[in-house]
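Please read the structure below before turning to the comments.
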Amino acid sequence: MPHVITQSCCSDGSCVYACPVNCIHPSPDEPGFATAEMLYIDPVACVDCGACVSACPVGAIAPETKLTGKQLPFIALNAAYYPERPADVKLPPTSKLAPVLPAPQVRRGVVDLTVAVVGSGPAGMYAADELLTQKGVRVNVFDKLPTPFGLVRAGVAPDHQNTKGVTRIFEGISERSRFTFYLNVEVGKHISHEELLQHHHAVLYTVGAPNDRRLNVAGMELPGTGTATETVAWINGHPDFAGLTVDLRHERVVVVGNGNVALDVARILTADPDALARTDISSAALAALRNSAVREVVIAARRRPADSAFTLPELIGLTSAAEVVLDADDHALVQQDLASATDPLTVSKLEILAKLPVASQTAQRPRIRLAYRLTPHRVLGADRVSGVEFRRTGTDEAVQLDAGLLLTSIGYRGAPIAGLPFDDAAAVVPNRDGRVVDPATGEAVPGAYVAGWIKRGPTGFIGTNKSCAMQTVSNLVDDFNAGLLADPAARPALLDKLIRSRQPDTVDAAGWRAIDAAEIARGDAEGRPRAKFTDVADMVAVAATAPEPPVARRLLAGLLR
Ligand code: NAP
1 MPHVITQSCC
11 SDGSCVYACP
21 VNCIHPSPDE
31 PGFATAEMLY
41 IDPVACVDCG
51 ACVSACPVGA
61 IAPETKLTGK
71 QLPFIALNAA
81 YYPERPADVK
91 LPPTSKLAPV
101 LPAPQVRRGV
111 VDLTVAVVGS
121 GPAGMYAADE
131 LLTQKGVRVN
141 VFDKLPTPFG
151 LVRAGVAPDH
161 QNTKGVTRIF
171 EGISERSRFT
181 FYLNVEVGKH
191 ISHEELLQHH
201 HAVLYTVGAP
211 NDRRLNVAGM
221 ELPGTGTATE
231 TVAWINGHPD
241 FAGLTVDLRH
251 ERVVVVGNGN
261 VALDVARILT
271 ADPDALARTD
281 ISSAALAALR
291 NSAVREVVIA
301 ARRRPADSAF
311 TLPELIGLTS
321 AAEVVLDADD
331 HALVQQDLAS
341 ATDPLTVSKL
351 EILAKLPVAS
361 QTAQRPRIRL
371 AYRLTPHRVL
381 GADRVSGVEF
391 RRTGTDEAVQ
401 LDAGLLLTSI
411 GYRGAPIAGL
421 PFDDAAAVVP
431 NRDGRVVDPA
441 TGEAVPGAYV
451 AGWIKRGPTG
461 FIGTNKSCAM
471 QTVSNLVDDF
481 NAGLLADPAA
491 RPALLDKLIR
501 SRQPDTVDAA
511 GWRAIDAAEI
521 ARGDAEGRPR
531 AKFTDVADMV
541 AVAATAPEPP
551 VARRLLAGLL
561 R
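Read in order, the letters of the sequence shown correspond to residues 1 to 561 in full-length UniProt numbering.
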């Protein structure tokens, strides 16, 4: 029985290299890898060895016979990536094994290559991993929160616990001897870019895209408007959003935009709170959801069904987890699009949409309605939101929807970094394959690099950041080997002193582990994977209880610094 990749595929490619018969594609060297919605196992070539199961960081792979009912559509989805052929006809082998991309070879010198990575989300952790494949490299990872792993902790929806399993890889990376965490330290506030450069050869920013794109229509200032991304952060207990007021006293929520974030929010707002109570959702959000009056979340897209921004795996996941409906008019649009669609992924999405129940049927539980050709025009309401007025896209026809809450989910935006150039239109730091470039001169900015969303914009999945980070690290190492990066002016041990003088509440790896253990223990008592702290002061207090490392280890760490 062949193995099958399912919804939580993170696309980091780990399974590709574990496969002894090269039957998982696209592989990182193939065109389309960077934009693939997921990876697929060729059911004819799979030898059922299970090596990919152990390699997958997010538990997305299972033998066909072990799939749950909800995962069954992924059998056809994996197979559909490969050309149809008789069951015993294998594809001509392109190569016996997927070619492993060579790790950058760091030139050993008197001084170790020392890199500051700013941001401990997937791009930062994958960059640290790639750097630490070599001897003679030290990596200091900074994060402004006392807890690491960025959007894996604060962005991945709590009902996607498998996806959060990728943190096991990140934990392993953080345990390497030449890796140091400086958590609860904000670059730009506690330490500047220039100061980091005095202590490192290079500063690699992996700070993501922290802001939302804002919808520019009248009424967006009214209470009852918000963004899906801040709602996701509230759901996930991010300290900056823990106190957010998400008003769920009304029957309908409208979400503008239909990307995967919109699906995440709609799914959580309509989920059974008892099921969410078994996840690591923030306790405040869970309490609010238990008292929710919401009966319908409308996901409003400005374009047609064939242009839906959500991915096929996430649509499959949504329809198996929630009650999803479509208006009769939108069903007609789906049929029109099906008649002309040729791209197999689009056809598959449309086929799923075509089978959804019509919205006129009575709902048994809170439901999600996918709606199309609705361009936001203005927010309705006197002192708070009472609805949204759209224009039927391409026409003057006004369409009004009553709603007590309007969430925009129209993408993230990168924010400028002090001391570096910024491309305001693309909301990224201008760069050539990760090397920061001054747009005025076209020259590389010495010692400055980017990876992840601040480099390429807010697209892709967790694992997409692995190849993105590898490209940046490869260029950084080339620059180091070519002698283009100045040796740090300050002695390594001084960095620790400087940071702790500026931020006495710096949290190190031991501190984070204390927070982690305390959250898991609190969760255990409630039958949950963890119960998160949502207040920085609480996190810092728990971090302070971390046992001091033994003297011998401290001495060794001091020597390595
Ligand atoms: P996204 O996929 O870029 O979707 C943005 C949506 O906003 C699109 O529907 C877009 O419509 C719409 N939009 C943009 N400007 C608009 C405007 N002025 N008025 C109305 N609608 C507007 O963004 P996202 O959902 O924030 O996701 C970001 C990335 O994270 C994506 O790559 C996503 O796949 C990834 N992600 C993945 C997962 C997962 O795998 N589980 C979960 C969350 C996020 P148009 O298409 O018409 O422009």
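The beta-carbon is built from N, C-alpha and C at its ideal position, and this holds for glycine as well.
Check: Whose beta carbon lies closer than 6 Å to any heavy atom of ligand 1, going through the chain in order?
Finding: 215, 256, 257, 258, 259, 260, 261, 262, 264, 301, 302, 303, 307, 309, 311, 314, 376, 409, 410, 411, 412, 458, 459, 460, 461
Notebook entry, point to check: For ligand 2, any of its heavy atoms closer than 7 Å to the Cβ of residue 67?
Noted result: Looking for ligand 2 in the displayed structure turns up nothing; the ligands present are ligand 1.
Next item on the list: Give, in chain order, every unbroken run of the alpha helix (DSSP H) that is at least 4 residues long and sits entirely within the region 186–248.
Entry: 193–199, 228–235
Check: Under a Cβ-count criterion, where at least 16 other Cβ atoms within 10 Å of its own Cβ denotes burial, should residue 249 be classed as buried or exposed?
Finding: Residue numbering aside, residue 249 sits at position 249 when the sequence shown is read from its first letter. Its Cβ having fewer than 16 others within 10 Å, residue 249 is exposed.
Checklist line | Nonlocal neighbours in the same chain, by C-beta distance under 6 Å from residue 463, ignoring five residues either side | finding: Position 463 of the sequence shown holds residue 463. Result list for residue 463: 10, 11, 12, in chain order.
Notebook entry, point to check: What beta strand (DSSP E) runs, 3 residues minimum, are completely inside the region 10–66?
Noted result: 61–63
Next item on the list: Closer than 7 Å by C-beta to residue 488: which residues in its own chain qualify, once you throw out the five before and the five after it? Chain order, please.
Entry: Walking along the sequence shown from the start, residue 488 turns up at place 488. Same-chain partners within the cutoff: 114, 198, 199, 200, 201.
Notebook entry, point to check: Under the three-state reduction of DSSP, which class applies to residue 375: helix, strand or coil?
Noted result: Here residue 375 refers to the residue found at position 375 of the sequence shown. Here residue 375 sits in strand by DSSP.
Next item on the list: Identify whether residue 114 lies in helix, strand or coil by the three-state DSSP scheme.
Entry: In the sequence shown, counting from the first residue as 1, residue 114 sits at position 114. Three-state result, residue 114: strand.
Checklist line | Nearest candidate by alpha-carbon position, reference residue 116, set 181, 274, 155, 470 | finding: Taking the sequence shown and counting its residues from 1, the one referred to as residue 116 is at position 116. Per the Cα distances, 181.
Item checked: Same chain only: Cβ atoms within 6 Å of residue 108, ignoring 5 sequence neighbours per side -> Residue numbering aside, residue 108 sits at position 108 when the sequence shown is read from its first letter. Counting only Cβ-Cβ distances below 6 Å, and skipping sequence neighbours, we find 136.
Checklist line | Residues of its chain near residue 303, where Cβ-Cβ distance is below 8 Å and the 5 sequence neighbours each way are ignored | finding: Here residue 303 corresponds to residue number 303 of the sequence shown, with the count starting at 1. The residues are 372, 373, 393.
Margin query: Please return the same chain residues whose Cβ sits closer than 6 Å to the Cβ of residue 309, not counting the five positions on each side in sequence.
Written below: One-based indexing of the sequence shown puts residue 309 at position 309. These residues qualify, in order along the chain: 258, 259.
Check: Going by DSSP, what residues sit across from residue 412 in a beta bridge?
Finding: Reading the sequence shown from its first residue, position 412 is the one you call residue 412. Answer is 212, bridged to residue 412.
Note to self: Just to confirm the assignment: which complete alpha helix (DSSP H) runs, minimum length 4, are found wholly within the region 337–386?
What the structure shows: 344–354
Next item on the list: List the residues that DSSP assigns as beta-bridge partners of residue 432.
Entry: Position 432 of the sequence shown, counted from the start, is the residue given in the question as residue 432. 435.
Check: What did DSSP end up calling residue 310 once you bin it into helix, strand or coil?
Finding: The residue labelled residue 310 in the question sits at position 310 within the sequence shown. Three-state result, residue 310: coil.
Next item on the list: Return yes when the Cβ of residue 219 is within less than 8 Å of the Cβ of residue 405, no when it is not.
Entry: The residue labelled residue 405 in the question sits at position 405 within the sequence shown. The residue labelled residue 219 in the question sits at position 219 within the sequence shown. Contact: no.
Note to self: Strictly by DSSP, which residues pair up with residue 179?
What the structure shows: The residue labelled residue 179 in the question sits at position 179 within the sequence shown. DSSP, once it has assigned bridges, lists 139 as partnering residue 179.
Next item on the list: Determine the burial state of residue 49: buried for a count of at least 16 other Cβ atoms within 10 Å of its Cβ, exposed for fewer.
Entry: Walking along the sequence shown from the start, residue 49 turns up at place 49. With fewer than 16 Cβ atoms within 10 Å of its Cβ, residue 49 is classed as exposed.
Note to self: Considering Cα atoms alone, identify which of 5, 128, 18, 154 is closest to residue 78.
What the structure shows: Within the sequence shown, numbered from 1, the residue matching residue 78 stands at position 78. Out of 5, 128, 18, 154, 5 has the C-alpha closest to the C-alpha of residue 78.
Check: In terms of residue numbering, what span does the alpha helix (DSSP H) encompassing residue 299 cover?
Finding: By one-based count along the sequence shown, residue 299 stands at place 299. Per DSSP, residue 299 belongs to no alpha helix (DSSP H); it is in the beta strand (DSSP E), 296–300.
Item checked: Option nearest residue 154 by Cα separation, candidates 103, 510, 209, 138 -> Here residue 154 refers to the residue found at position 154 when the sequence shown is read from its first residue. It is 209 whose Cα lies nearest to the Cα of residue 154.
Next item on the list: Would you mind reading off the limits of the beta strand (DSSP E) that contains residue 447?
Entry: Taking the first residue of the sequence shown as 1, we reach residue 447 at position 447. Counting along the chain, the beta strand (DSSP E) containing residue 447 begins and ends at 444–450.
Item checked: Buried or exposed by the 16-neighbour rule on C-beta atoms within 10 Å, applied to residue 534 -> Translated into the one-based positions of the sequence shown, residue 534 becomes position 534. Result: buried.
Item checked: Reduced DSSP secondary structure (H/G/I, E/B, other) of residue 503 -> Walking along the sequence shown from the start, residue 503 turns up at place 503. Coil at residue 503, not helix or strand.
Next item on the list: Give me the Cβ distance between residue 27 and residue 16, rounded to the nearest whole Å; I'm assuming they're in contact under 8 Å.
Entry: Along the sequence shown, one-based indexing puts residue 27 at 27. Along the sequence shown, one-based indexing puts residue 16 at 16. With 8 Å as the limit, residue 27 and residue 16 qualify as a contact, their Cβ atoms being about 5 Å apart.
Note to self: Cutting at 6 Å between CB atoms, please list the residues of its own chain near residue 466, excluding the five before and the five after it.
What the structure shows: As a position in the sequence shown, residue 466 is number 466, starting the count at 1. Here residue 466 has 12, 126 as same chain residues with Cβ atoms under 6 Å from its own Cβ, once five neighbours each way along the sequence are excluded.
Check: DSSP beta-bridge partners for residue 7?
Finding: Taking the sequence shown and counting its residues from 1, the one referred to as residue 7 is at position 7. Answer is none; residue 7 lacks a bridge partner.
Next item on the list: Closer than 6 Å by C-beta to residue 511: which residues in its own chain qualify, once you throw out the five before and the five after it? Chain order, please.
Entry: Start at 1 with the first residue of the sequence shown, and residue 511 comes out as number 511. 543, 546, listed in sequence order.
Check: Distance, Cα to Cα, residue 211 vs residue 413?
Finding: Along the sequence shown, one-based indexing puts residue 211 at 211. Along the sequence shown, one-based indexing puts residue 413 at 413. Roughly 5 Å separates the two Cα atoms.
Notebook entry, point to check: Which word fits residue 1, buried or exposed, when buried means at least 16 other C-beta atoms lie within 10 angstroms of its C-beta?
Noted result: By one-based count along the sequence shown, residue 1 stands at place 1. When all chains shown are included, residue 1 counts as exposed.
Next item on the list: Out of 159, 279, 261, 498, point me to the one whose CA is closest to residue 530's CA.
Entry: If you number the sequence shown from 1, residue 530 lands on position 530. Selected option, being the one with the closest Cα: 279.
Next item on the list: Kindly give me the distance between the Cβ atoms of residue 536 and residue 205, rounded to whole angstroms, as I take these residues to be in contact under 8 Å.
Entry: Along the sequence shown, read from residue 1 onward, the residue named residue 536 stands at position 536. Along the sequence shown, read from residue 1 onward, the residue named residue 205 stands at position 205. Not a contact, Cβ separation roughly 22 Å.
Check: Are there three or more Cβ pairs, one per stretch, closer than 8 Å when the region 162–174 is compared with the region 229–242?
Finding: Result no; under three Cβ-Cβ pairs closer than 8 Å.
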